[in-house]
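Per the working numbering, the sequence shown starts with residue 6, numbered consecutively. All remarks here apply to the structure that follows.
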Amino acid sequence: MEKEFGKFKGILIIGLGLIGGSIAISLKNSGYKGKIYGFDLSAERVKKAIQLQAIDEGFTSLKEVPWENVDLVIIATPVKRFEEVAKKIKPYLKKGSVVTDVGSVKGDLVEKLQKILSPIKFVGAHPIAGTEKEGVENAVVGLFKGKKLILTVDKEDKDTKRVEQFWRDLGSKVEVMDPYTHDFVFASVSHLPHAVAFALVDALIELSEEVGIDLFLYSGAGFKDFTRIAASSPVVWKDIFLENKENVLYTIDRFIKSMEKLKEFIEEEDEKNLLKLLSESREKRLSLDK
6 MEKEFGKFKG ILIIGLGLIG GSIAISLKNS GYKGKIYGFD LSAERVKKAI
56 QLQAIDEGFT SLKEVPWENV DLVIIATPVK RFEEVAKKIK PYLKKGSVVT
106 DVGSVKGDLV EKLQKILSPI KFVGAHPIAG TEKEGVENAV VGLFKGKKLI
156 LTVDKEDKDT KRVEQFWRDL GSKVEVMDPY THDFVFASVS HLPHAVAFAL
206 VDALIELSEE VGIDLFLYSG AGFKDFTRIA ASSPVVWKDI FLENKENVLY
256 TIDRFIKSME KLKEFIEEED EKNLLKLLSE SREKRLSLDK
């Protein structure tokens, strides 16, 4: 059965980073027959996207985009810029077009974007895929294949179903979730782990200065695996932490309590409870690989 990608004929991707670039290059390699346009404030990124044949045409000015050919806009910038982007593109959007995003924060932001873009339809989307690398030059073909895609919509209609089909044809497993539930879930399983990784590296920077030894020279595979995500974009994660502030702070507090519990068991040499905590954590982690 031929893929239709929601029957969108012209797609504009705003933000040619890892995710935006991976959407473009994955479309090209999945049989998409429409036009793919790219927009980025960086002329170098636009040039690179064209060289990689990820996009058909690229722009650094919104006025130059052939808006009459665009019926789907994907906002792939850092989340702090979403509202600004929405306000700037609204005058150009043609009737019947759809705007979506790839941000990992939803909640109030979804409502704000819906109001800004109305009567144009906004459909919140979050692909659970990525790497710690940045830029279109690190785009990955098939990045979304077999990965979850969360749609944060109140009710499904023809436009949300088109966006859903778009992602299914890229190989994603689509789920629908309330925007506020989404933000708590991903504060827990994504934002908190990134916060912990950044904080752990920061702790070792300070310990290195304290003892006069570059501790990073002695880090093994375990440390590198655990902190890989601390190599992610500082701008992207600054925005995520601040946009999802309440949930991120709540999950950090819960993590601190777990660390305090672990610390207590070690201080008290409480072998029974220490072993229980370690065993339960090990079993839960192993269950993820089943």
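The beta-carbon is built from N, C-alpha and C at its ideal position, and this holds for glycine as well. Nothing here was measured: the structure is a model prediction, and the numbers come from that model.
| Check | Outcome |
| --- | --- |
| Cα-Cα separation, ILE257 to ALA200 | 8 Å |
| Cβ contact check for the region 76-93 and the region 231-250: 3 or more pairs under 8 Å | yes |
| Span separating the alpha-carbon of ASN249 from that of VAL107 | 15 Å |
| Distance between beta carbons of ILE18 and GLY25, contact taken as under 8 Å | 5 Å |
| Proximity below 8 Å, CB of VAL104 to CB of ILE125 | yes |
| Three-state secondary structure assigned by DSSP to PRO71 | coil |
| Burial state of PHE13 (16 or more Cβ within 10 Å) | buried |
| For LEU118 and ALA91, the rounded distance between their alpha carbons | 7 Å |
| Identity of the residues DSSP links to HIS196 by a beta bridge | According to DSSP, HIS196 bridges with nothing at all. |
| Cβ-Cβ separation, LYS8 to GLY43 (assumed contact under 8 Å), whole Å | Not really, about 21 Å apart at Cβ, beyond 8 Å. |
| Integer Cβ distance of PHE149 from LEU175, believed to fall under 8 Å | 5 Å |
| The region 43-59 in contact with the region 164-179 per 3-pair CB rule at 8 Å | no |
| DSSP beta-bridge partners of PRO83 | Looking at the DSSP assignment, PRO83 forms no beta bridge with any residue, so it has no partner. |
| Ordered list of alpha helix (DSSP H) runs contained in the region 193-281, each at least 4 residues | 197-216, 226-231, 239-248, 250-272 |
| Proximity of ALA144 and ALA59 at Cβ, strictly below 8 Å | yes |
| GLY11 vs PHE171 beta-carbon contact at 8 Å | yes |
| According to DSSP, residues forming a beta bridge with ILE19 | PHE44, ILE80 |
| Among LEU222, LEU21, PHE270, nearest to VAL141 - alpha-carbon criterion | LEU21 |
| Ranges of the alpha helix (DSSP H) found wholly within the region 126-206, counting only runs of at least 4 | 163-174, 184-191 |
| Endpoints, the alpha helix (DSSP H) within which ASP61 is located | Here ASP61 belongs to no alpha helix (DSSP H), and DSSP marks it neither H nor E. |
| C-beta atoms of PHE228 and ALA202 nearer than 8 Å | no |
| Inter-residue CB distance, TYR185 and GLY112 (contact presumed, cutoff 8 Å) | 5 Å |
| Burial state of ALA134, where buried means 16 or more other Cβ atoms lie within 10 Å | buried |
| Residues near LEU23 in its chain [Cβ-Cβ closer than 7 Å; skip 5 each side] | GLY135, THR136, LYS138, GLU139, GLY140, ASN143, ALA144 |
| Buried versus exposed call for ALA192 [16 or more other C-beta atoms within 10 Å across all chains shown] | buried |
| ASP294 (DSSP reduced to helix, strand or coil) | coil |
| Beta carbon of LYS109 nearer than 8 Å to that of ILE245 | A small correction: the amino acid at residue 109 is Ser; Lys does not occupy that position in the sequence shown. Yes, Cβ-Cβ distance for SER109 and ILE245 is below 8 Å. |
| Local Cβ density within 10 Å of GLY101, reported as buried at 16 or more and exposed below that | exposed |
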